[in-house]
Each structure stands twice: as C-alpha cells, then as structure tokens.
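A.B. asks: Read in the numbering used here, the sequence shown has 295 at position 260, and its numbers run on one by one without any break. Glycine is no exception: its CB is placed at the ideal position from the N, C-alpha and C atoms. Questions regarding the structure given below will be posed in turn.
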Amino acid sequence: YQAVRAGLDAGNLALSSEALSRLLADFPDSYNTEKAVLLTGQTVSRLGDPAAAREIFGEFVKKNPGATLKAEASLAVARTYESQGKWAEAGAQYDAWLKEFTNNPARARAEFQRAQAWLRSGQQTQGMSSLTNLLERFPTNEISPLARWWVADYYFGAGNLQAAEYNYQLLFQNPAWAKTQLGYQARMMAGRVSAARRVWKDSSQYFLDLYNDTNAPQDLRMQALFAYGDNLISRDSTNKLADYEEAIRVFGRVQEAGPTNRLGLLALGQKAVCLLQWVQSDSGTNALQAFRELATSPYADITARSIASVGMGVALERQTTGKTPAEQAALMQQALGHYLDVLYFEKNLKPGEQPDLFWVR
Numbered sequence: 036y037q038a039v040r041a042g043l044d045a046g047n048l049a050l051s052s053e054a055l056s057r058l059l060a061d062f063p064d065s066y067n068t069e070k071a072v073l074l075t076g077q078t079v080s081r082l083g084d085p086a087a088a089r090e091i092f093g094e095f096v097k098k099n100p101g102a103t104l105k106a107e108a109s110l111a112v113a114r115t116y117e118s119q120g121k122w123a124e125a126g127a128q129y130d131a132w133l134k135e136f137t138n139n140p141a142r143a144r145a146e147f148q149r150a151q152a153w154l155r156s157g158q159q160t161q162g163m164s165s166l167t168n169l170l171e172r173f174p175t176n177e178i179s180p181l182a183r184w185w186v187a188d189y190y191f192g193a194g195n196l197q198a199a200e201y202n203y204q205l206l207f208q209n210p211a212w213a214k215t216q217l218g219y220q221a222r223m224m225a226g227r228v229s230a231a232r233r234v235w236k237d238s239s240q241y242f243l244d245l246y247n248d249t250n251a252p253q254d255l256r257m258q259a260l261f262a263y264g265d266n267l268i269s270r271d272s273t274n275k276l277a278d279y280e281e282a283i284r285v286f287g288r289v290q291e292a293g294p295t296n297r298l299g300l301l302a303l304g305q306k307a308v309c310l311l312q313w314v315q316s317d318s319g320t321n322a323l324q325a326f327r328e329l330a331t332s333p334y335a336d337i338t339a340r341s342i343a344s345v346g347m348g349v350a351l352e353r354q355t356t357g358k359t360p361a362e363q364a365a366l367m368q369q370a371l372g373h374y375l376d377v378l379y380f381e382k383n384l385k386p387g388e389q390p391d392l393f394w395v396r
C-alpha cells in the first residue's frame with residue numbers, strides 16, 4: 036500500500052500500478068487494497084484518463100462484491116462519467132447506486148449529483164424531482180443549501196421568476212444558511228430576480244439589506260449597492276430628479292470604496308450619467324468632471340473610456356445654454372473632439388483592446 040502511495044505521490048503510475056497489482060494478487064480482501072484501488076483510480080482520472088479509471092473501479096467492484104469500500108468505488112465510477120461530460124451515463128450510475136445503497140451516509144450527496152447529471156443531460160423533470168426529494172428527506176444536510184440554489188436557478192433559467200425568487204428566499208431566510216456565502220449570494224439573486232419582475236421596492240430592500248450587513252463579503256456588498264443605484268435609475272417614479280440625486284450618492288460610495296476596480300469605474304460612469312440627468316445649475320460641470328476622471332483613469336477599459344468621451348461631449352453641449360455665439364462655438368468644437376475620439380478609436384486603443392462598436396456607432 037505504501038508503495039502505491041509513493042508511486043502516486045511521485046507521479047510514477049507504472050510503479051503504483053505494479054504495486055497495486057501485487058496487492059490485488061496477494062491481499063484481495065484487504066482494506067488497504069481497497070484504499071489503494073480508490074487512490075489509483077482517482078489519480079488516473081485526475082490525470083486525464085477517466086475511462087481507464089472507470090475500468091480500475093469497475094473491475095475491482097466486479098471481483099470484490101463484498102468490499103467495504105464498494106459504495107465509494109461505485110460513486111467514483113459515476114464521477115468518471117461526469118469528468119467526460121457524459122451526464123446521462125453519470126445519472127444512470129447514480130440512480131443504480133441509490134437503489135443499492137439505501138442507507139449509506141453519502142446518499143444525500145449522491146442524490147444531489149444524480150439531480151445535477153439529469154438536469155445537465157436534459158432530463159429536467161427527473162432532475163427537479165430528485166432535488167425536491169433531497170430537500171424533503173435531508174433538510175439539514177450540508178448539501179441542502181446547494182440543492183435549494185439549484186432549484187432557484189432552474190426556475191430563473193426557465194423564466195419562472197416568482198418561483199425563483201421564492202426559492203432564493205427560502206435559502207437566505209433559513210437561519211442555518213443566512214450568514215453563509217451561498218446565503219448572501221441568494222439574497223443578491225433575489226434582488227436581481229425581483230428587479231427583473233420590476234418589483235422595485237422589494238428588489239431595493241434585498242440590496243439594501245445585503246449592503247447593510249457588515250458580515251457579508253465586501254465585494255458582494257458593493258455589488259448590492261451598485262444594483263440599488265441601478266434600481267433608482269430604472270424604476271418608475273413621480274420624482275425622477277430625486278432618484279438621480281440619490282443614485283449619484285450611491286454610485287459615489289461604490290466608486291470611493293474601489294476606485295481602481297471595474298465596479299468602481301462603472302460606478303463613476305453611472306454617476307456621471309446621473310449628473311447629466313439631474314438638472315441643476317452646476318450639474319453639467321459636475322458631470323464633465325466625473326467623465327474626465329473616468330476617461331483618464333489608468334484602469335478604465337475602452338468601453339468605459341468611450342462612455343466617458345461621449346459623456347463629456349454631451350456635458351459640453353449642455354453648457355452652451357445661455358452662452359454667447361462665440362462661447363457656444365468653442366464648446367461645440369470641444370464636444371465634437373470628444374465624439375471624434377470615439378469614432379476614430381485607433382489612437383485610443385491600448386495594446387490588446389478591441390473597439391466597443393456600440394459606442395462607435
């Protein structure tokens with residue numbers, strides 16, 4: 036057994052295979068032999084030959100039907116199909132395993148893997164039924180929150196937004212799961228689904244609750260705050276100017292929290308767009324400054340810089356109101372220069388960048 040381990044650790048499959056053959060010949064019923072078979076097959080599969088690994092597992096189970104690790108070896112066979120993307124075969128293997136090992140501690144995990152395999156092979160009804168059964172039989176199992184996530188995701192992908200939101204709620208409202216990474220992600224998704232349903236009040240509350248939870252991951256909190264800002268822009272309102280004013284503050288917070296990352300740069304762009312809409316005496320000047328900050332940031336990609344250039348042009352055009360003809364002409368000339376920077380993008384591209392054709396057009 037130690038020789039098998041040593042060969043596997045050294046990447047010497049020839050040595051480990053020879054040692055395994057001796058174990059199987061001399062000690063076919065030994066627990067160490069069973070462990071050696073599992074380790075060898077798992078390593079062979081990980082190194083890119085799942086079919087060979089499946090043969091190792093299958094041959095062992097066939098010759099040793101009473102082996103202590105038969106259940107583990109049979110599960111390993113299913114995983115080799117997964118690694119090849121053979122989801123129908125994997126589902127059938129898990130199905131056979133569940134019928135044979137009715138009281139095995141790994142049953143909940145196998146039930147989940149079977150559901151995944153069925154869903155990925157297009158057997159949607161069987162997959163959802165398997166997930167539902169798992170959640171009913173093993174409500175507190177460690178795999179159950181992930182099963183609930185898959186149910187919610189399935190409904191989201193199928194366009195059943197109300198059912199998706201409900202299942203995301205069940206995940207993050209469970210006290211045992213609420214403060215987990217998946218629980219926080221579920222609250223974020225509930226907000227996004229609610230926004231897709233245009234239920235802005237509920238959606239915004241999800242996002243604000245997540246942002247205000249200081250135990251949540253910081254990057255997710257900022258995503259939630261950004262999404263709340265988007266809600267302010269998108270929702271129907273009798274006072275859109277107040278919405279834009281609040282959105283400016285929200286995007287400002289996101290940008291200040293991460294001025295050099297992509298979300299921070301996008302927040303800066305959104306803030307500038309809001310400034311253009313929020314009409315007051317100096318809004319054009321504020322917007323122009325925000326767009327300039329975005330355009331000159333070393334972290335801004337071509338899309339962000341294109342938005343900034345167009346925004347500067349619009350802001351300059353807005354400033355022509357009330358100006359003399361000469362001042363208007365100068366401002367319009369500056370605006371034209373920014374538009375041309377986007378149209379004739381070649382000089383503004385960094386190495387490896389491609390133009391954003393949406394803004395070019």
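Pick helix, strand or coil for Gly157, following the three-state DSSP scheme.
C.D. replies: In the sequence shown, counting from the first residue as 1, residue 157 sits at position 122. Coil.
A.B. asks: Rounded to whole angstroms, what's the CA-CA distance from Ser316 to Arg233? Just pull it up for me.
C.D. replies: Numbered from 1 along the sequence shown, position 281 holds the residue referred to as residue 316. Numbered from 1 along the sequence shown, position 198 holds the residue referred to as residue 233. Confidence at Ser316 is low in this model, with a pLDDT of 44, below 50, so its placement is unreliable and the value that follows should be read with caution. The straight-line gap from Cα to Cα measures roughly 32 Å.
A.B. asks: Work out the CA separation of Leu181 and Asn398 for me, nearest whole Å.
C.D. replies: Outside the modelled stretch of the chain, which goes from 36 to 396, sits residue 398, for which no answer is possible.
A.B. asks: Rounded to the nearest angstrom, how far is the Cβ of Leu73 from that of Ala108, given a contact under 8 Å?
C.D. replies: Within the sequence shown, numbered from 1, the residue matching residue 73 stands at position 38. Within the sequence shown, numbered from 1, the residue matching residue 108 stands at position 73. Right, the Cβ-Cβ distance comes to about 6 Å (below 8 Å), so this counts as a contact.
A.B. asks: DSSP state of Lys121, grouped into three classes?
C.D. replies: Start at 1 with the first residue of the sequence shown, and residue 121 comes out as number 86. It is coil, neither helix nor strand.
A.B. asks: Taking the beta carbon of Gln258 as the centre, do at least 16 other beta carbons fall within 10 Å, making it buried, or is it exposed?
C.D. replies: Within the sequence shown, residue 258 is the residue found at index 223, counting from 1. Gln258 should be labelled buried.
A.B. asks: Using beta-carbon positions only, say whether Ala152 and Gly192 come within less than 9 Å of one another.
C.D. replies: Position 117 of the sequence shown, counted from the first residue, corresponds to residue 152. Position 157 of the sequence shown, counted from the first residue, corresponds to residue 192. Contact: no.
A.B. asks: Return the CA-CA distance between Arg284 and Lys306, expressed in angstroms with no decimal places.
C.D. replies: As a first step, residue 284 must be located in the sequence shown, where it is residue number 249. As a first step, residue 306 must be located in the sequence shown, where it is residue number 271. In a straight line, the C-alpha of Arg284 is about 8 Å away from that of Lys306.
A.B. asks: Below 8 Å, is the gap between the Cβ of Pro140 and the nearest heavy atom of the ligand FMN?
C.D. replies: With respect to the ligand FMN, the structure shown offers nothing to examine, as it has no ligands at all.
A.B. asks: In three-state terms, what does DSSP make of Gly346?
C.D. replies: The residue given as residue 346 occupies position 311 in the sequence shown. Helix at Gly346.
A.B. asks: With distances taken between CB atoms, is the gap from Arg114 to Ser165 smaller than 9 Å?
C.D. replies: Within the sequence shown, the letter at position 79 stands for residue 114. Within the sequence shown, the letter at position 130 stands for residue 165. Against a cut-off of 9 Å, the Cβ pair of Ser165 and Arg114 comes out as no contact.
A.B. asks: From the DSSP output, in three-state form, read off Phe173 for me.
C.D. replies: For this step, residue 173 is matched to residue 138 along the sequence shown. Phe173: coil per DSSP, three-state reduction.
A.B. asks: For Tyr334, name the three-state secondary structure that DSSP assigns.
C.D. replies: Translated into the one-based positions of the sequence shown, residue 334 becomes position 299. In the structure shown, Tyr334 sits in coil (DSSP, three-state: anything other than H, G, I, E or B).
A.B. asks: Of all the beta strand (DSSP E) runs that stay within the bounds of the segment 186-241, which reach a length of 3 or more residues?
C.D. replies: Taking only runs of at least 3 residues, no beta strand (DSSP E) segment lies wholly in the segment 186-241.
A.B. asks: Which of the three DSSP states, helix, strand or coil, is assigned to Pro386?
C.D. replies: Taking the sequence shown and counting its residues from 1, the one referred to as residue 386 is at position 351. Reduced to three states, the DSSP call for Pro386 is coil.
A.B. asks: Using a threshold of 9 Å, state whether the C-beta atoms of Ala330 and Met347 are closer than that.
C.D. replies: Here residue 330 is taken as the residue at index 295 of the sequence shown, counted from 1. Here residue 347 is taken as the residue at index 312 of the sequence shown, counted from 1. Yes, the Cβ-Cβ distance between Ala330 and Met347 is below 9 Å.
A.B. asks: According to DSSP, is Gln354 helix, strand or coil?
C.D. replies: The count along the sequence shown starts at 1 and reaches residue 354 at position 319. Correct three-state label for Gln354: coil.
A.B. asks: Within its chain, find whatever has a CB closer than 8 Å to the CB of Trp313; leave out the 5 residues flanking it on each side and keep chain order.
C.D. replies: Counting from 1 along the sequence shown, the entry for residue 313 is found at position 278. Closer than 8 Å at Cβ, skipping near neighbours: Leu276, Tyr279, Glu280 and Ile283.
A.B. asks: Let's see if you can read the secondary structure: which residues bound the alpha helix (DSSP H) around Ile283?
C.D. replies: Here residue 283 corresponds to residue number 248 of the sequence shown, with the count starting at 1. Segment Lys275 to Ala292, the alpha helix (DSSP H) holding Ile283.
A.B. asks: Evaluate Tyr246 with the Cβ neighbour count: other Cβ atoms within 10 Å of its Cβ, from every protein chain shown; 16 or more gives buried, anything less gives exposed.
C.D. replies: Residue mapping note: residue 246 aligns to position 211 of the sequence shown, counting from 1. By the neighbour-count rule (16 or more Cβ atoms within 10 Å), Tyr246 is buried.
A.B. asks: Less than 8 Å between C-beta atoms, sequence neighbours within five positions excluded: which residues of the same chain meet that for Thr160?
C.D. replies: Along the sequence shown, one-based indexing puts residue 160 at 125. Counting only Cβ-Cβ distances below 8 Å, and skipping sequence neighbours, we find nothing.
A.B. asks: Can you name, in chain order, every residue of its own chain whose Cβ lies under 7 Å from the Cβ of Ala231, other than the five neighbours on each side?
C.D. replies: Locating residue 231 in the sequence shown gives position 196, counting from the first residue. Excluding sequence neighbours, Ala231 sits near Leu196.
A.B. asks: At a cut of 8 Å, does the segment 120-136 reach the segment 91-99 through at least three beta carbon pairs?
C.D. replies: Judged by Cβ distances under 8 Å, the segment 120-136 makes no contact with the segment 91-99, as fewer than three pairs qualify.
A.B. asks: Using the three-state DSSP reduction, which class does Gly372 fall into: helix, strand or coil?
C.D. replies: As a working mapping, residue 372 is identified with position 337 in the sequence shown. Note: Gly372 maps to helix in three-state DSSP.
A.B. asks: Taking the straight line between their C-alpha atoms, what separation do you get for Leu311 and Ser269?
C.D. replies: To locate residue 311, count along the sequence shown from 1; it is residue 276. To locate residue 269, count along the sequence shown from 1; it is residue 234. Rounded to whole angstroms, Leu311 to Ser269 spans 15 Å at the Cα level.
A.B. asks: How many whole angstroms separate the CB atoms of Arg222 and Asp244, which I take to be in contact at a CB cut-off of 8 Å?
C.D. replies: Residue numbering aside, residue 222 sits at position 187 when the sequence shown is read from its first letter. Residue numbering aside, residue 244 sits at position 209 when the sequence shown is read from its first letter. So it is a contact: roughly 7 Å between Cβ atoms.
A.B. asks: Decide if Glu200 is buried, meaning its Cβ has at least 16 other Cβ atoms within 10 Å, or exposed.
C.D. replies: The residue labelled residue 200 in the question sits at position 165 within the sequence shown. Label assigned to Glu200: buried.
A.B. asks: Using the Cα positions of Gly299 and Pro85, report the straight-line distance between them to the nearest angstrom.
C.D. replies: As a working note, residue 299 is residue 264 in the sequence shown. As a working note, residue 85 is residue 50 in the sequence shown. Their backbone Cα atoms lie some 44 Å apart in a straight line.
A.B. asks: Using only the alpha-carbon positions, how far apart do Ile342 and Glu352 sit?
C.D. replies: Stepping through the sequence shown from its first residue, residue 342 is reached at position 307. Stepping through the sequence shown from its first residue, residue 352 is reached at position 317. When rounded, the distance between both Cα atoms is 15 Å.
A.B. asks: Looking only at its own chain, which residues have a Cβ that is under 6 Å from the Cβ of Ala292, when we skip the five neighbours before and after it?
C.D. replies: Locating residue 292 in the sequence shown gives position 257, counting from the first residue. Once the five neighbours on either side are set aside, the close Cβ partners of Ala292 are Met257.
A.B. asks: For Asn176, which option in Phe380, Glu146, Asp254 and Tyr203 has the closest C-alpha, if you only look at C-alpha atoms?
C.D. replies: Reading the sequence shown from its first residue, position 141 is the one you call residue 176. When only C-alpha atoms are compared, the closest one is Glu146.
A.B. asks: Just to confirm, are Ala141 and Leu110 a CB contact at a threshold of 9 Å?
C.D. replies: Residue mapping note: residue 141 aligns to position 106 of the sequence shown, counting from 1. Residue mapping note: residue 110 aligns to position 75 of the sequence shown, counting from 1. Closer than 9 Å, so yes.
A.B. asks: Report all residues from its chain with a CB closer than 7 Å to the CB of Tyr241; omit the five preceding and five following residues, and keep chain order.
C.D. replies: As a first step, residue 241 is located in the sequence shown; it is residue number 206 there, counting from the start. Cβ within range, chain order: Arg222, Ala225, Gly226 and Ser229.
A.B. asks: Which residue comes first and which comes last in the alpha helix (DSSP H) that contains Ser269?
C.D. replies: To locate residue 269, count along the sequence shown from 1; it is residue 234. Ser269 -> alpha helix (DSSP H) spans Gln253 to Ser269.
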